[in-house]
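Notes follow the structure.
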Amino acid sequence: MNFASGATLRTAREKMGLSQAKLAELTGIPQHMLSAYELQKAVPDRALAARVTEILADVGKVEELARRKKRYRVHSYEPIAHDPVRIARHSRTVGNIEYVELLNRLGTCASPKTRTALSLFAGCGGLSLGFDWAGYAIKGFLELDEGLRSIYRANFVSSVELGGDISLLDEEKIEHAAKDLGSIDLIIGGPPCQGFSLSGKRAVNDPRNTLFRDYLRFVDVCRPRVAVLENVRLLSSMKSPNGGYVRDEIQREFAARGYRVERFAVNAKNFGVPQHRERLFFIAIRSDLNRDPSFPSPTHGAVADDLFRNISPPRTFADACSDLPYLESGEQSNDPLHAAVTHPKHNIEWLWDVEEGYSAHENLDPAKRPPSGYNTTYKRQVWLEPGATVQTTFGMISGCRNVHPIATRALTVREAARLQSFPDDFFFGEALGTMRTGIGNAVPPLLAYQLAAHLASEFL
26 MNFASGATLR TAREKMGLSQ AKLAELTGIP QHMLSAYELQ KAVPDRALAA RVTEILADVG
86 KVEELARRKK RYRVHSYEPI AHDPVRIARH SRTVGNIEYV ELLNRLGTCA SPKTRTALSL
146 FAGCGGLSLG FDWAGYAIKG FLELDEGLRS IYRANFVSSV ELGGDISLLD EEKIEHAAKD
206 LGSIDLIIGG PPCQGFSLSG KRAVNDPRNT LFRDYLRFVD VCRPRVAVLE NVRLLSSMKS
266 PNGGYVRDEI QREFAARGYR VERFAVNAKN FGVPQHRERL FFIAIRSDLN RDPSFPSPTH
326 GAVADDLFRN ISPPRTFADA CSDLPYLESG EQSNDPLHAA VTHPKHNIEW LWDVEEGYSA
386 HENLDPAKRP PSGYNTTYKR QVWLEPGATV QTTFGMISGC RNVHPIATRA LTVREAARLQ
446 SFPDDFFFGE ALGTMRTGIG NAVPPLLAYQ LAAHLASEFL
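Position one of the sequence shown corresponds to residue 26 (my numbering), numbered consecutively onward.
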């Protein structure tokens, strides 16, 4: 089997009778990575491909796993008594006091709006909020999802809604919008990674294929001094249909339009966000400014790495959330967004004695291990370390690193928002699913703020 081909991998897996989840269990590769390989959004290295090929050659082991039926359990629910020892560990940190004050201060003391921006693929507004804090007037926005548009409108009341589906805006509408909005200093946005099929053969029925070109249509018309394109770090290894790297094609497209462009792979935890979150930014500077693109220097990290830099230790899960009331499964607080999902009794039993940083899959007692998944699922976070990447599934206890470090439950909406650096007064609407989608897909506002302030001082 040639694992370098995602289509070949999927065909082989299906012939073996393996679900993607079972293949992840067998190989130890996270399911989201297998999905990326099969969808040809990423290519595995040769060593990994060789290891997987070797594992799948063990026909007996593969057949045994394929035949294994899912163990169904009757879901029963019981209230959980609070453990005084756990509650004592949940004490508020000094870092939490400083962090909450910082978010409140940024929201109430935002800089005068002396620069203008346009937000494409705006989501619920994480990227926009950071730029707003730094003194940018977000004059217009575009977002496909109606629920997310509603959240955005509620938080950015002065921003003009330019539409939903960017692909439905023809050149005349874009030019008309640009005329109405006036001069735009900067365009920000993060097209979904499926929208970067820039050349070669495309799936003609997938409307996301042209999204990056739609972003560029706004650049062509508005001619901003700076353009910021944000996406998952996976984009750095994604290949286009013609075999080249998408990252290189993006840079060529900007260069052809008269922009100097560089890409920057960053981790949000190095910019004061209490979360491990890797992202990729393309910064494009209009060539007539005669400046090379740059990204702000990290403000947080391992202090011992450089004694001569003014750098702080990374913020932790506790720094984000330790002031919030302690909750176990099914409990609620006075904050409607700080309410715990109710989990079945067997989930609690699997996880009750699991230590921070470990998964229920690692339990010594086989009876306390989940029947499927891999060791990043049913896994506790660590109280005094940066939170794990917040995903849209953060309310699922079975998801990837979604278990609270101390309580035995999945994360609440408020905890996820704090880890993403949203202030408590940000309005997320009423629909729980839309809240989770918006928060999980957002750029952390505090990271966006650091970038926005840097761009303002260097290029605007």
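In this text, a Cβ means the ideal position worked out from N, Cα and C, and glycines have one as well.
Quiz prompt | Delimiting residues of the beta strand (DSSP E) encompassing S164 | solution = Along the sequence shown, one-based indexing puts residue 164 at 139. Ser is not the amino acid found at residue 164; the sequence shown has Lys there. Per DSSP, K164 belongs to the beta strand (DSSP E) from Y161 to F166.
Quiz prompt | Through-space distance from W377 to G355, alpha-carbon basis | solution = Indexing the sequence shown from 1 puts residue 355 at position 330. Indexing the sequence shown from 1 puts residue 377 at position 352. Cα to Cα, G355 sits roughly 15 Å from W377.
Self-check item: Rounded distance between the beta-carbons of L436 and G454, thought under 8 Å
Solution: Here residue 454 refers to the residue found at position 429 of the sequence shown. Here residue 436 refers to the residue found at position 411 of the sequence shown. Not confirmed; about 18 Å, so no contact.
Quiz item: Around the C-beta of R434, are 16 or more other C-beta atoms found within 10 angstroms, so that it is buried, or is it exposed?
Solution: As a first step, residue 434 must be located in the sequence shown, where it is residue number 409. Per the 10 Å Cβ criterion, buried.
Practice problem: Check whether the Cβ atoms of A432 and E353 lie closer than 7 Å to each other. | Solution: Position 407 of the sequence shown, counted from the start, is the residue given in the question as residue 432. Position 328 of the sequence shown, counted from the start, is the residue given in the question as residue 353. Taking 7 Å as the Cβ cut-off, A432 and E353 qualify as a contacting pair.
Quiz item: Which residue comes first and which comes last in the beta strand (DSSP E) that contains I212?
Solution: Start at 1 with the first residue of the sequence shown, and residue 212 comes out as number 187. I212 -> beta strand (DSSP E) spans L211 to G214.
Quiz item: With a CB to CB cut of under 8 Å and the five nearest residues on each side skipped, what residues in its chain are close to P369?
Solution: Residue 369 sits at position 344 when you count from the first residue of the sequence shown. Taken in chain order, the residues that qualify are R98, H100, S101 and Y102.
Self-check item: Q300, DSSP secondary structure in three states
Solution: To locate residue 300, count along the sequence shown from 1; it is residue 275. It is a strand residue.
Exercise. Have a look at G85, L59, R111 and E123 and flag the residue whose alpha-carbon is nearest the alpha-carbon of S337.
Key: For the purposes of this step, residue 337 is taken as the residue at position 312 of the sequence shown. That would be E123, whose Cα lies nearest to the Cα of S337.
Exercise. Measure how close the beta-carbons of L173 and G463 come, nearest whole angstrom, since I'm counting them as under 8 Å.
Key: In the sequence shown, counting from the first residue as 1, residue 173 sits at position 148. In the sequence shown, counting from the first residue as 1, residue 463 sits at position 438. Yes, they are in contact, since the Cβ atoms of L173 and G463 sit about 5 Å apart, within 8 Å.
Quiz item: By how many angstroms is the C-alpha of E39 removed from the C-alpha of A91?
Solution: In the sequence shown, counting from the first residue as 1, residue 91 sits at position 66. In the sequence shown, counting from the first residue as 1, residue 39 sits at position 14. Whole-angstrom Cα-Cα distance: 10 Å.
Practice problem: Assign A281 to one of three DSSP states: helix, strand, or coil. | Solution: Working through the sequence shown from its first residue, we reach residue 281 at position 256. Helix at A281.
Quiz prompt | Neighbourhood of G225 by C-beta distance below 7 Å, restricted to the same chain and skipping five residues each side | solution = Looking up residue 225 in the sequence shown gives position 200. Any reading at G225 must be qualified, since the residue scores a pLDDT of 41, below 50, and its modelled position is unreliable; the value itself is stated next. Here the set comprises S265, P266 and N267.
Quiz item: Using a Cβ-Cβ cut-off of 6 Å (strictly less than) and excluding sequence neighbours within five positions of H363, which residues of its own chain qualify?
Solution: Numbered from its first residue, the sequence shown carries residue 363 at position 338. Only L349, T437 and R439 meet the Cβ criterion.
Quiz prompt | N129: first and last residue of the uninterrupted alpha helix (DSSP H) it sits in | solution = Taking the first residue of the sequence shown as 1, we reach residue 129 at position 104. It spans V119 to T133 - the alpha helix (DSSP H) in which N129 sits, taken as one unbroken run.
Exercise. Please report how far the alpha carbon of T367 lies from the alpha carbon of G382, in whole angstroms.
Key: Sequence index remark: in the sequence shown, residue 367 carries index 342 (1-based). Sequence index remark: in the sequence shown, residue 382 carries index 357 (1-based). Rounded to whole angstroms, T367 to G382 spans 22 Å at the Cα level.
Quiz item: How long is the line joining the alpha carbons of G85 and M41, rounded to whole angstroms?
Solution: Within the sequence shown, numbered from 1, the residue matching residue 85 stands at position 60. Within the sequence shown, numbered from 1, the residue matching residue 41 stands at position 16. C-alpha separation (whole angstroms): 11 Å.
Quiz item: So who's on the other strand from G412, going by DSSP bridges?
Solution: Locating residue 412 in the sequence shown gives position 387, counting from the first residue. Looking at the DSSP assignment, G412 forms a beta bridge with Q300.
Self-check item: Beta-carbon gap between V468 and L152 smaller than 7 Å
Solution: Position 443 of the sequence shown holds residue 468. Position 127 of the sequence shown holds residue 152. Going by C-beta atoms, V468 is nearer than 7 Å to L152.
Quiz item: Taking the DSSP output, what are the residues bridged to Q357?
Solution: Residue mapping note: residue 357 aligns to position 332 of the sequence shown, counting from 1. A364, per the DSSP bridge assignment.
Quiz item: Considering only C-alpha positions, which residue in the set V428, R461 and P396 is nearest to A46?
Solution: Here the question's residue 46 lines up with position 21 in the sequence shown. The residue with the shortest Cα to Cα distance from A46 is P396.
Quiz item: How big is the Cα-Cα spacing for K393 and I373?
Solution: Locating residue 393 in the sequence shown gives position 368, counting from the first residue. Locating residue 373 in the sequence shown gives position 348, counting from the first residue. For K393 and I373, the distance between alpha carbons rounds to 10 Å.
Quiz item: Cβ of R248 within 6 Å of any heavy atom in the ligand MN?
Solution: Absence of the ligand MN is noted for the structure shown, with no ligands found whatsoever.
Quiz item: What residue range is occupied by the uninterrupted alpha helix (DSSP H) comprising V253?
Solution: Stepping through the sequence shown from its first residue, residue 253 is reached at position 228. First-last for V253: V251 to V257, but that is the beta strand (DSSP E), not the alpha helix (DSSP H).
Exercise. Enumerate in chain order the residues of its own chain whose CB-to-CB distance from L223 is below 8 Å, with the five nearest sequence positions on each side excluded.
Key: The sequence position of residue 223 within the sequence shown is 198, counting from 1. Note that L223 has pLDDT 49, beneath the 50 cutoff, so the model's placement of it is unreliable and no number is given.
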